[in-house]
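Since the structure comes first, as C-alpha coordinates, the remarks are kept for the end.
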Amino acid sequence: MTGKSLINKAFRLEKPDRTPWVPFVGVHGGHLIGVNAREYLSSREHLVNGISAAIDRYEPDGIPIMFDLQVEAEILGCGLQWSDDNPPSVISHPLMEGNTVDDLPEFGPDKGRLPIILEATKELHQKYPDTALYGLVTGPFTLALHLMGTEIFTTMMMDPDTIHSLLSYTRDIVKKTADYYIEAGADVIAVVDPMTSQIDPGSFETFVTPPATDIFNHIRHQGVWSSFFVCGHAQQNIEAMCRCRPDNVSIDENIPLDYVRDVALKNNISFGGNLRLTVVLLLGTKEDAQQEALRCMDLSGENGFILAPGCDLPMETPPENLQAITNLVRDPYQRDVIRTLEKKKDAERLLNLEDYGNTEKVVVDVITLDSESCTPCMYMVEAVKQVAPHFEGIVEWREHSVKDVKSVNFMSSLYVKNIPTICIDGKITFVSQIPPKNKLIEAIQQRINEKLRLKISINKGELMVLGSNKEECNELIPLIEQAQYELGSDIKVKTVTDPNMVASFGVTQTPAVVTVNYRMKSQGNKPSVEVIKEWIKTIEAV
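Take any residue in the sequence shown, count from 1 to its spot, add 28: that is its number in the numbering used here.
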(Lines of atoms letter the chains of each structure in order from A; the text may use other names.)
(Lines give C-alpha, C1' and ligand atoms only; values in the text may rest on other atoms or scores of the structure.)
Protein backbone atom coordinates (compact mmCIF):
# COMPACT_ATOMS: atom_id res chain seq x y z
CA MET A 29 0.00 0.00 0.00
CA THR A 30 1.38 3.44 -0.93
CA GLY A 31 1.94 6.20 1.59
CA LYS A 32 -0.79 8.28 0.00
CA SER A 33 -3.22 5.35 0.38
CA LEU A 34 -2.37 5.10 4.09
CA ILE A 35 -3.01 8.82 4.53
CA ASN A 36 -6.32 8.48 2.72
CA LYS A 37 -7.35 5.60 5.02
CA ALA A 38 -6.47 7.61 8.11
CA PHE A 39 -8.51 10.58 6.89
CA ARG A 40 -11.45 8.24 6.24
CA LEU A 41 -11.08 6.80 9.79
CA GLU A 42 -10.40 3.36 8.38
CA LYS A 43 -7.91 0.98 9.94
CA PRO A 44 -4.64 1.29 7.98
CA ASP A 45 -2.09 -1.49 7.51
CA ARG A 46 0.22 0.53 9.75
CA THR A 47 0.42 4.00 11.27
CA PRO A 48 1.00 6.71 8.64
CA TRP A 49 4.12 8.85 9.25
CA VAL A 50 4.39 12.51 8.23
CA PRO A 51 7.60 14.28 9.33
CA PHE A 52 7.04 18.04 9.14
CA VAL A 53 10.16 18.89 7.20
CA GLY A 54 10.56 22.65 6.94
CA VAL A 55 13.98 24.28 7.06
CA HIS A 56 15.32 20.86 8.09
CA GLY A 57 15.28 20.16 4.36
CA GLY A 58 17.94 22.84 4.01
CA HIS A 59 20.05 21.06 6.62
CA LEU A 60 19.86 17.87 4.56
CA ILE A 61 21.32 19.59 1.49
CA GLY A 62 23.70 22.00 3.24
CA VAL A 63 22.03 25.40 2.74
CA ASN A 64 20.74 27.91 5.28
CA ALA A 65 17.08 28.69 5.92
CA ARG A 66 16.90 31.81 3.78
CA GLU A 67 18.53 30.11 0.80
CA TYR A 68 16.30 27.08 1.22
CA LEU A 69 13.01 28.99 1.53
CA SER A 70 13.82 31.23 -1.45
CA SER A 71 14.70 28.62 -4.09
CA ARG A 72 12.59 26.16 -6.06
CA GLU A 73 15.67 24.01 -6.65
CA HIS A 74 16.54 23.87 -2.95
CA LEU A 75 12.94 23.05 -1.96
CA VAL A 76 12.78 20.18 -4.43
CA ASN A 77 16.21 18.86 -3.44
CA GLY A 78 15.52 19.19 0.29
CA ILE A 79 12.14 17.44 0.17
CA SER A 80 13.58 14.79 -2.15
CA ALA A 81 16.38 14.14 0.35
CA ALA A 82 13.83 13.88 3.16
CA ILE A 83 11.62 11.46 1.21
CA ASP A 84 14.59 9.30 0.28
CA ARG A 85 15.88 9.16 3.88
CA TYR A 86 12.68 9.09 5.95
CA GLU A 87 10.30 7.26 3.60
CA PRO A 88 7.32 9.33 4.75
CA ASP A 89 3.74 8.67 3.80
CA GLY A 90 3.13 12.40 3.54
CA ILE A 91 5.29 15.52 3.75
CA PRO A 92 4.79 19.30 3.61
CA ILE A 93 6.12 21.08 0.56
CA MET A 94 7.16 24.12 2.59
CA PHE A 95 6.67 25.18 6.21
CA ASP A 96 6.76 28.97 6.39
CA LEU A 97 3.86 30.91 7.89
CA GLN A 98 5.13 34.24 6.61
CA VAL A 99 4.74 33.69 2.86
CA GLU A 100 1.33 35.35 2.56
CA ALA A 101 2.21 38.10 5.08
CA GLU A 102 5.34 39.01 3.10
CA ILE A 103 3.29 39.47 -0.07
CA LEU A 104 0.82 41.66 1.81
CA GLY A 105 3.49 44.07 3.04
CA CYS A 106 4.77 42.69 6.35
CA GLY A 107 8.48 43.18 6.93
CA LEU A 108 10.48 40.03 7.65
CA GLN A 109 13.60 39.29 9.64
CA TRP A 110 15.55 36.34 8.30
CA SER A 111 17.57 33.77 10.19
CA ASP A 112 20.04 31.14 9.06
CA ASP A 113 18.38 28.42 11.12
CA ASN A 114 14.65 29.22 11.13
CA PRO A 115 11.87 30.54 8.91
CA PRO A 116 11.67 34.34 8.88
CA SER A 117 9.70 36.23 11.50
CA VAL A 118 7.32 39.16 10.98
CA ILE A 119 8.72 42.45 12.31
CA SER A 120 6.27 45.01 10.93
CA HIS A 121 2.49 45.12 10.64
CA PRO A 122 1.07 47.27 7.81
CA LEU A 123 -2.33 47.79 9.44
CA MET A 124 -0.57 49.39 12.42
CA GLU A 125 1.25 51.84 10.16
CA GLY A 126 -1.74 53.85 8.97
CA ASN A 127 -2.76 51.47 6.18
CA THR A 128 -6.15 49.87 5.61
CA VAL A 129 -6.93 46.54 3.99
CA ASP A 130 -7.62 48.39 0.75
CA ASP A 131 -4.03 49.68 0.80
CA LEU A 132 -2.46 46.22 0.97
CA PRO A 133 -0.60 44.91 -2.10
CA GLU A 134 -2.31 42.69 -4.64
CA PHE A 135 -2.20 38.98 -3.84
CA GLY A 136 -1.76 36.33 -6.52
CA PRO A 137 0.15 33.20 -7.58
CA ASP A 138 2.83 35.31 -9.25
CA LYS A 139 3.62 37.32 -6.11
CA GLY A 140 6.39 36.98 -3.54
CA ARG A 141 7.77 33.47 -3.14
CA LEU A 142 4.58 31.72 -4.29
CA PRO A 143 5.90 31.03 -7.82
CA ILE A 144 8.87 28.99 -6.54
CA ILE A 145 6.64 27.11 -4.06
CA LEU A 146 4.05 26.23 -6.70
CA GLU A 147 6.71 25.15 -9.20
CA ALA A 148 8.30 22.97 -6.52
CA THR A 149 4.88 21.46 -5.79
CA LYS A 150 4.35 20.55 -9.44
CA GLU A 151 7.79 18.96 -9.70
CA LEU A 152 7.42 16.97 -6.46
CA HIS A 153 3.93 15.84 -7.48
CA GLN A 154 5.40 14.34 -10.66
CA LYS A 155 8.43 12.88 -8.90
CA TYR A 156 6.65 11.28 -5.91
CA PRO A 157 3.10 10.33 -6.96
CA ASP A 158 2.74 7.84 -4.07
CA THR A 159 3.55 10.38 -1.32
CA ALA A 160 0.84 12.72 0.00
CA LEU A 161 2.02 16.31 -0.47
CA TYR A 162 0.80 18.79 2.14
CA GLY A 163 0.28 22.38 1.06
CA LEU A 164 0.54 24.58 4.16
CA VAL A 165 -1.36 27.87 4.27
CA THR A 166 -1.32 30.45 7.06
CA GLY A 167 -4.62 30.39 8.95
CA PRO A 168 -6.95 33.41 8.89
CA PHE A 169 -6.37 34.46 12.51
CA THR A 170 -2.57 34.17 12.42
CA LEU A 171 -2.45 36.05 9.12
CA ALA A 172 -4.68 38.76 10.59
CA LEU A 173 -2.31 39.06 13.56
CA HIS A 174 0.67 39.38 11.20
CA LEU A 175 -1.11 42.27 9.50
CA MET A 176 -2.33 44.04 12.66
CA GLY A 177 0.10 42.96 15.36
CA THR A 178 -0.86 42.22 18.95
CA GLU A 179 -3.32 45.13 18.92
CA ILE A 180 -5.71 42.59 17.42
CA PHE A 181 -6.51 41.31 20.91
CA THR A 182 -7.60 44.73 22.17
CA THR A 183 -9.48 45.47 18.96
CA MET A 184 -11.42 42.21 19.32
CA MET A 185 -12.98 43.69 22.46
CA MET A 186 -13.21 47.35 21.48
CA ASP A 187 -14.13 47.10 17.80
CA PRO A 188 -15.20 43.55 16.87
CA ASP A 189 -16.61 44.62 13.50
CA THR A 190 -13.13 45.64 12.35
CA ILE A 191 -11.79 42.18 13.21
CA HIS A 192 -14.69 40.42 11.47
CA SER A 193 -13.94 42.47 8.36
CA LEU A 194 -10.21 41.71 8.57
CA LEU A 195 -10.87 37.98 9.02
CA SER A 196 -13.15 37.97 5.98
CA TYR A 197 -10.23 39.39 4.02
CA THR A 198 -7.70 36.86 5.36
CA ARG A 199 -10.23 34.04 4.78
CA ASP A 200 -10.24 34.91 1.09
CA ILE A 201 -6.43 34.97 1.01
CA VAL A 202 -6.36 31.49 2.57
CA LYS A 203 -8.85 30.16 0.01
CA LYS A 204 -6.83 31.61 -2.87
CA THR A 205 -3.59 30.10 -1.57
CA ALA A 206 -5.30 26.73 -1.10
CA ASP A 207 -6.54 26.86 -4.69
CA TYR A 208 -3.02 27.57 -5.96
CA TYR A 209 -1.63 24.57 -4.08
CA ILE A 210 -4.43 22.27 -5.25
CA GLU A 211 -3.95 23.26 -8.87
CA ALA A 212 -0.20 22.55 -8.50
CA GLY A 213 -0.86 19.03 -7.17
CA ALA A 214 -1.11 19.17 -3.36
CA ASP A 215 -3.07 16.27 -1.84
CA VAL A 216 -3.77 17.82 1.58
CA ILE A 217 -4.29 21.47 2.49
CA ALA A 218 -3.19 22.20 6.04
CA VAL A 219 -4.51 25.43 7.52
CA VAL A 220 -1.88 26.36 10.12
CA ASP A 221 -3.29 28.79 12.69
CA PRO A 222 -1.09 28.70 15.81
CA MET A 223 -2.23 32.05 17.18
CA THR A 224 -5.72 30.68 17.88
CA SER A 225 -4.10 29.15 20.99
CA GLN A 226 -4.10 32.69 22.41
CA ILE A 227 -7.88 33.08 22.54
CA ASP A 228 -10.66 31.48 24.59
CA PRO A 229 -13.38 29.22 23.12
CA GLY A 230 -15.93 32.03 23.08
CA SER A 231 -13.64 34.29 21.05
CA PHE A 232 -12.74 31.35 18.81
CA GLU A 233 -16.41 30.65 18.04
CA THR A 234 -17.09 34.34 17.43
CA PHE A 235 -14.11 35.26 15.28
CA VAL A 236 -12.44 32.10 13.93
CA THR A 237 -15.22 29.57 13.41
CA PRO A 238 -17.05 31.43 10.59
CA PRO A 239 -14.03 31.98 8.31
CA ALA A 240 -12.41 28.62 9.16
CA THR A 241 -15.61 26.67 8.45
CA ASP A 242 -15.96 28.44 5.11
CA ILE A 243 -12.33 27.61 4.27
CA PHE A 244 -12.71 23.89 5.04
CA ASN A 245 -15.95 23.68 3.07
CA HIS A 246 -14.16 25.34 0.16
CA ILE A 247 -11.28 22.85 0.30
CA ARG A 248 -13.68 19.90 0.53
CA HIS A 249 -15.47 21.07 -2.61
CA GLN A 250 -12.11 20.98 -4.44
CA GLY A 251 -11.90 17.24 -3.73
CA VAL A 252 -8.82 17.21 -1.47
CA TRP A 253 -8.30 16.59 2.24
CA SER A 254 -7.94 19.36 4.81
CA SER A 255 -6.18 19.59 8.15
CA PHE A 256 -6.32 22.18 10.94
CA PHE A 257 -2.87 22.66 12.52
CA VAL A 258 -2.48 24.39 15.87
CA CYS A 259 0.38 24.64 18.34
CA GLY A 260 0.64 25.93 21.88
CA HIS A 261 -1.70 25.30 24.77
CA ALA A 262 -4.87 25.17 22.64
CA GLN A 263 -6.67 22.37 24.46
CA GLN A 264 -9.56 24.68 25.28
CA ASN A 265 -10.29 25.10 21.56
CA ILE A 266 -10.08 21.53 20.23
CA GLU A 267 -13.86 21.06 20.33
CA ALA A 268 -14.34 24.34 18.48
CA MET A 269 -11.71 23.37 15.90
CA CYS A 270 -13.55 20.13 15.19
CA ARG A 271 -16.82 22.01 14.72
CA CYS A 272 -15.15 23.89 11.85
CA ARG A 273 -15.32 20.52 10.02
CA PRO A 274 -11.76 19.92 8.85
CA ASP A 275 -10.89 16.35 7.89
CA ASN A 276 -8.06 16.28 10.41
CA VAL A 277 -6.68 18.20 13.41
CA SER A 278 -2.97 18.16 14.23
CA ILE A 279 -1.52 19.28 17.57
CA ASP A 280 1.77 19.64 19.42
CA GLU A 281 3.07 18.36 22.74
CA ASN A 282 1.24 21.03 24.76
CA ILE A 283 -2.02 19.07 24.39
CA PRO A 284 -2.54 15.48 25.63
CA LEU A 285 -2.85 13.20 22.62
CA ASP A 286 -5.49 10.98 24.23
CA TYR A 287 -7.68 14.04 24.83
CA VAL A 288 -7.46 15.04 21.17
CA ARG A 289 -8.10 11.43 20.13
CA ASP A 290 -11.35 11.30 22.09
CA VAL A 291 -12.63 14.68 20.90
CA ALA A 292 -11.65 14.16 17.26
CA LEU A 293 -13.07 10.66 16.90
CA LYS A 294 -16.29 11.73 18.61
CA ASN A 295 -16.61 14.30 15.81
CA ASN A 296 -15.61 11.76 13.09
CA ILE A 297 -12.38 13.62 12.39
CA SER A 298 -8.90 12.15 12.10
CA PHE A 299 -6.05 13.51 14.20
CA GLY A 300 -2.26 13.80 14.24
CA GLY A 301 0.73 14.63 16.43
CA ASN A 302 2.41 15.00 18.80
CA LEU A 303 6.04 13.94 18.89
CA ARG A 304 8.08 16.20 21.18
CA LEU A 305 10.27 18.42 19.04
CA THR A 306 13.18 19.54 21.16
CA VAL A 307 13.61 17.26 24.17
CA VAL A 308 13.26 14.13 22.04
CA LEU A 309 13.71 14.71 18.30
CA LEU A 310 16.37 17.44 18.49
CA LEU A 311 18.21 16.62 21.72
CA GLY A 312 17.41 12.95 22.27
CA THR A 313 18.85 9.69 20.99
CA LYS A 314 17.50 7.26 18.41
CA GLU A 315 16.07 5.18 21.25
CA ASP A 316 14.38 8.27 22.72
CA ALA A 317 12.78 8.99 19.36
CA GLN A 318 11.50 5.44 18.99
CA GLN A 319 10.11 5.36 22.54
CA GLU A 320 8.35 8.67 21.89
CA ALA A 321 6.87 7.43 18.61
CA LEU A 322 5.67 4.26 20.30
CA ARG A 323 4.07 6.30 23.09
CA CYS A 324 2.10 8.28 20.52
CA MET A 325 1.10 5.18 18.57
CA ASP A 326 -0.07 3.33 21.68
CA LEU A 327 -2.07 6.33 22.90
CA SER A 328 -3.72 7.02 19.57
CA GLY A 329 -5.23 3.65 18.77
CA GLU A 330 -5.50 2.23 15.26
CA ASN A 331 -8.05 4.41 13.49
CA GLY A 332 -7.70 7.93 12.19
CA PHE A 333 -4.20 8.67 13.52
CA ILE A 334 -1.23 10.17 11.66
CA LEU A 335 2.13 10.20 13.46
CA ALA A 336 3.82 13.58 13.15
CA PRO A 337 5.88 16.11 15.11
CA GLY A 338 4.07 18.92 16.91
CA CYS A 339 5.40 21.53 14.48
CA ASP A 340 8.09 21.92 11.82
CA LEU A 341 11.30 20.13 12.67
CA PRO A 342 14.20 22.18 14.05
CA MET A 343 16.76 22.63 11.32
CA GLU A 344 19.49 20.50 12.89
CA THR A 345 17.29 17.62 14.03
CA PRO A 346 19.56 14.55 13.75
CA PRO A 347 18.47 12.58 10.66
CA GLU A 348 19.19 9.32 12.47
CA ASN A 349 16.42 10.10 14.99
CA LEU A 350 13.87 10.46 12.19
CA GLN A 351 15.15 7.38 10.39
CA ALA A 352 14.74 5.46 13.67
CA ILE A 353 11.06 6.46 13.73
CA THR A 354 10.68 5.29 10.13
CA ASN A 355 12.12 1.91 11.10
CA LEU A 356 9.80 1.67 14.09
CA VAL A 357 6.69 2.55 12.08
CA ARG A 358 7.48 0.07 9.32
CA ASP A 359 8.85 -2.84 11.39
CA PRO A 360 6.70 -4.60 14.05
CA TYR A 361 9.84 -6.28 15.39
CA GLN A 362 11.36 -2.87 16.17
CA ARG A 363 8.25 -1.98 18.15
CA ASP A 364 8.54 -5.21 20.15
CA VAL A 365 12.20 -4.50 20.90
CA ILE A 366 11.46 -0.97 22.15
CA ARG A 367 8.61 -2.22 24.33
CA THR A 368 10.93 -4.67 26.07
CA LEU A 369 13.68 -2.14 26.72
CA GLU A 370 13.73 -0.53 30.15
CA LYS A 371 12.81 3.10 29.78
CA LYS A 372 15.82 5.29 30.26
CA LYS A 373 15.78 7.40 33.38
CA ASP A 374 15.16 11.06 32.92
CA ALA A 375 18.50 12.74 32.39
CA GLU A 376 17.31 16.19 33.41
CA ARG A 377 19.09 17.65 36.41
CA LEU A 378 16.80 20.07 38.20
CA LEU A 379 18.39 23.32 39.24
CA ASN A 380 18.07 24.69 42.75
CA LEU A 381 15.94 27.78 42.11
CA GLU A 382 14.65 28.29 45.65
CA ASP A 383 16.31 31.71 45.80
CA TYR A 384 15.72 32.63 42.16
CA GLY A 385 14.48 36.19 41.83
CA ASN A 386 16.04 37.47 45.04
CA THR A 387 18.42 39.76 43.20
CA GLU A 388 18.06 43.51 42.97
CA LYS A 389 16.37 43.59 39.57
CA VAL A 390 13.14 41.91 38.55
CA VAL A 391 13.88 39.07 36.12
CA VAL A 392 11.35 38.27 33.39
CA ASP A 393 12.00 34.88 31.78
CA VAL A 394 10.23 33.94 28.55
CA ILE A 395 10.25 30.18 27.98
CA THR A 396 9.90 29.48 24.26
CA LEU A 397 10.40 26.86 21.63
CA ASP A 398 12.26 29.53 19.68
CA SER A 399 10.95 33.02 18.99
CA GLU A 400 12.47 32.89 15.50
CA SER A 401 10.53 29.79 14.45
CA CYS A 402 7.44 29.61 16.71
CA THR A 403 4.83 32.28 15.96
CA PRO A 404 3.16 32.39 19.43
CA CYS A 405 6.65 32.48 20.98
CA MET A 406 7.63 35.36 18.70
CA TYR A 407 4.65 37.48 19.72
CA MET A 408 5.11 36.69 23.43
CA VAL A 409 8.74 37.82 23.24
CA GLU A 410 7.63 40.89 21.31
CA ALA A 411 5.16 41.73 24.11
CA VAL A 412 7.97 41.65 26.69
CA LYS A 413 10.28 43.69 24.44
CA GLN A 414 7.64 46.41 24.14
CA VAL A 415 7.20 46.65 27.90
CA ALA A 416 10.85 46.36 29.02
CA PRO A 417 11.79 50.00 28.21
CA HIS A 418 9.19 51.16 30.75
CA PHE A 419 11.37 49.60 33.47
CA GLU A 420 14.87 50.39 32.21
CA GLY A 421 17.47 49.66 34.86
CA ILE A 422 14.95 47.80 37.03
CA VAL A 423 13.91 44.83 34.92
CA GLU A 424 15.96 42.29 32.99
CA TRP A 425 14.34 39.92 30.53
CA ARG A 426 15.67 36.75 28.97
CA GLU A 427 14.45 34.25 26.43
CA HIS A 428 15.07 30.58 27.11
CA SER A 429 14.68 28.56 23.91
CA VAL A 430 14.21 24.91 24.77
CA LYS A 431 16.30 23.91 21.79
CA ASP A 432 19.23 23.46 24.18
CA VAL A 433 19.54 21.20 27.22
CA LYS A 434 20.35 24.04 29.63
CA SER A 435 17.07 25.79 28.86
CA VAL A 436 15.13 22.52 29.07
CA ASN A 437 16.51 22.00 32.58
CA PHE A 438 15.67 25.60 33.48
CA MET A 439 12.10 25.13 32.23
CA SER A 440 11.72 21.90 34.20
CA SER A 441 13.18 23.49 37.33
CA LEU A 442 10.53 26.23 37.19
CA TYR A 443 7.88 23.51 36.63
CA VAL A 444 6.80 25.14 33.37
CA LYS A 445 4.66 22.70 31.40
CA ASN A 446 3.52 24.75 28.40
CA ILE A 447 5.24 26.88 25.79
CA PRO A 448 5.38 29.83 25.56
CA THR A 449 5.27 30.96 29.21
CA ILE A 450 6.32 34.14 30.99
CA CYS A 451 7.80 33.84 34.48
CA ILE A 452 8.50 36.85 36.70
CA ASP A 453 11.25 36.27 39.26
CA GLY A 454 10.78 32.53 38.87
CA LYS A 455 6.99 32.57 39.29
CA ILE A 456 4.83 31.31 36.41
CA THR A 457 2.72 34.33 35.45
CA PHE A 458 1.36 34.01 31.89
CA VAL A 459 0.92 30.53 30.41
CA SER A 460 0.56 30.23 26.61
CA GLN A 461 -1.35 33.50 26.53
CA ILE A 462 0.17 36.72 25.22
CA PRO A 463 -0.68 39.27 27.94
CA PRO A 464 -2.11 42.65 27.00
CA LYS A 465 0.44 45.40 27.53
CA ASN A 466 -1.33 46.83 30.58
CA LYS A 467 -1.57 43.41 32.25
CA LEU A 468 2.12 42.68 31.74
CA ILE A 469 3.09 46.11 33.07
CA GLU A 470 0.82 45.58 36.06
CA ALA A 471 2.37 42.18 36.85
CA ILE A 472 5.93 43.50 36.63
CA GLN A 473 5.12 46.60 38.68
CA GLN A 474 3.53 44.46 41.36
CA ARG A 475 6.73 42.45 41.67
CA ILE A 476 8.84 45.63 41.76
CA ASN A 477 6.70 46.95 44.59
CA GLU A 478 7.10 43.68 46.48
CA LYS A 479 10.88 43.76 46.15
CA LEU A 480 11.58 47.41 46.74
CA ARG A 481 9.01 48.35 49.34
CA LEU A 482 10.75 49.68 52.50
CA LYS A 483 14.15 48.43 51.29
CA ILE A 484 17.37 50.36 51.74
CA SER A 485 18.97 51.08 48.40
CA ILE A 486 21.74 48.61 47.72
CA ASN A 487 24.60 49.07 45.29
CA LYS A 488 25.48 45.74 43.80
CA GLY A 489 28.59 44.17 45.32
CA GLU A 490 31.04 41.88 43.67
CA LEU A 491 32.83 38.58 44.11
CA MET A 492 36.61 38.46 44.06
CA VAL A 493 38.31 35.21 43.13
CA LEU A 494 41.87 35.21 44.45
CA GLY A 495 44.56 32.90 43.11
CA SER A 496 48.24 32.53 42.44
CA ASN A 497 47.55 32.53 38.70
CA LYS A 498 44.70 32.78 36.17
CA GLU A 499 44.36 29.00 35.81
CA GLU A 500 43.81 28.59 39.55
CA CYS A 501 41.09 31.26 39.54
CA ASN A 502 39.39 29.64 36.58
CA GLU A 503 38.83 26.48 38.63
CA LEU A 504 36.17 28.36 40.63
CA ILE A 505 34.54 30.32 37.81
CA PRO A 506 32.18 27.49 36.59
CA LEU A 507 30.86 27.01 40.14
CA ILE A 508 30.20 30.72 40.52
CA GLU A 509 28.49 30.87 37.11
CA GLN A 510 26.24 27.95 38.10
CA ALA A 511 25.28 29.75 41.33
CA GLN A 512 24.56 32.94 39.38
CA TYR A 513 22.40 31.04 36.91
CA GLU A 514 20.36 29.43 39.67
CA LEU A 515 19.83 32.83 41.33
CA GLY A 516 19.22 34.77 38.14
CA SER A 517 22.10 37.06 39.20
CA ASP A 518 24.58 39.03 37.11
CA ILE A 519 26.81 40.14 39.98
CA LYS A 520 30.29 41.19 38.88
CA VAL A 521 33.09 38.64 39.32
CA LYS A 522 36.69 39.86 39.48
CA THR A 523 39.81 37.69 39.47
CA VAL A 524 42.87 38.83 41.43
CA THR A 525 46.31 37.25 40.97
CA ASP A 526 48.56 40.06 42.23
CA PRO A 527 50.39 38.58 45.29
CA ASN A 528 50.36 41.85 47.24
CA MET A 529 46.62 42.36 46.75
CA VAL A 530 45.89 38.73 47.65
CA ALA A 531 47.93 39.15 50.84
CA SER A 532 46.08 42.40 51.67
CA PHE A 533 42.91 40.36 52.20
CA GLY A 534 44.65 38.16 54.74
CA VAL A 535 44.53 35.19 52.41
CA THR A 536 47.22 32.56 52.98
CA GLN A 537 45.90 29.77 50.75
CA THR A 538 44.45 29.97 47.27
CA PRO A 539 42.15 29.79 45.49
CA ALA A 540 39.97 31.98 47.71
CA VAL A 541 36.73 33.94 47.34
CA VAL A 542 36.04 37.32 48.93
CA THR A 543 32.61 38.97 48.86
CA VAL A 544 32.41 42.76 48.73
CA ASN A 545 29.15 44.49 49.61
CA TYR A 546 28.31 48.17 49.13
CA ARG A 547 25.38 49.51 51.12
CA MET A 548 24.19 53.07 51.12
CA LYS A 549 23.59 54.02 54.76
CA SER A 550 23.08 57.74 54.40
CA GLN A 551 22.01 60.17 51.70
CA GLY A 552 21.36 63.90 51.89
CA ASN A 553 21.90 64.25 55.67
CA LYS A 554 24.58 64.07 58.40
CA PRO A 555 24.23 60.95 60.54
CA SER A 556 25.10 61.10 64.20
CA VAL A 557 28.31 59.64 65.62
CA GLU A 558 26.29 57.00 67.43
CA VAL A 559 24.69 55.86 64.20
CA ILE A 560 28.06 55.70 62.44
CA LYS A 561 29.46 53.67 65.35
CA GLU A 562 26.69 51.09 64.81
CA TRP A 563 27.59 50.87 61.17
CA ILE A 564 31.23 50.25 62.02
CA LYS A 565 30.27 47.55 64.55
CA THR A 566 28.33 45.74 61.83
CA ILE A 567 31.34 45.76 59.49
CA GLU A 568 33.73 44.55 62.18
CA ALA A 569 31.31 41.82 63.27
CA VAL A 570 31.39 40.40 59.78
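Glycine included, every Cβ here is placed at the ideal spot set by N, Cα and C.
Query, Result
"Member of N64, A471, V524, P48 whose CA lies at the smallest distance from the CA of G495", "V524"
"Classification of N245 by the beta-carbon crowding that lies within 10 angstroms, buried from 16 upward", "exposed"
"Simplified DSSP assignment, three categories, for H428", "strand"
"Counted within 10 angstroms of its Cβ, other Cβ atoms place V277 as buried (16 or more) or exposed", "buried"
"Ranges of the alpha helix (DSSP H) found wholly within the segment 86 to 168, counting only runs of at least 4", "99 to 103, 142 to 155"
"V216 beta carbon less than 7 angstroms from that of Y156", "no"
"V394 beta carbon less than 7 angstroms from that of I472", "no"
"Integer-rounded CB distance, given that V53 should sit under 8 angstroms from L24", "The question about residue 24 has no answer here: the residues shown for the chain are numbered 29 through 570."
"C451 in three-state terms, based on DSSP", "strand"
"Residue burial classification, V50 (beta-carbon count within 10 angstroms, cutoff 16)", "buried"
"Per-residue DSSP class, three states only, for F533", "coil"
"Cβ contact check for the segment 242 to 256 and the segment 204 to 221: 3 or more pairs under 8 angstroms", "yes"
"Contacting residues, own chain, Cβ-Cβ under 7 angstroms from S328 (five flanking each side not counted)", "L285, R289"
"Cβ-based burial, K455 [other Cβ within 10 Å; buried from 16]", "exposed"
"Proximal residues to P580 (C-beta, below 7 angstroms), its chain only, five neighbours per side dropped", "For residue 580 there is no data in the structure shown, the boundaries of the chain being 29 and 570."
"Residue nearest to D518 in terms of C-alpha spacing, selected from E388, V76, V541", "E388"
"Continuous alpha helix (DSSP H) stretch holding F419: start and end", "Where F419 is concerned, there is no enclosing alpha helix (DSSP H), given that its DSSP letter is neither H nor E."
"Local conformation of P337 per DSSP, three classes", "strand"
"Given V433 as reference, the closest of F95, L378, G385 once Cα atoms are compared", "L378"
"Own chain, CB closer than 6 angstroms to A206, minus 5 neighbours either side, in chain order", "V165, I217, I247"
"Length of the line joining the Cα atoms of S435 and I564", "44 angstroms"
"Nearest-angstrom Cβ-Cβ length linking V308 and A317, presumed shorter than 8 angstroms", "6 angstroms"
"I560 versus V409 - alpha carbon distance", "47 angstroms"
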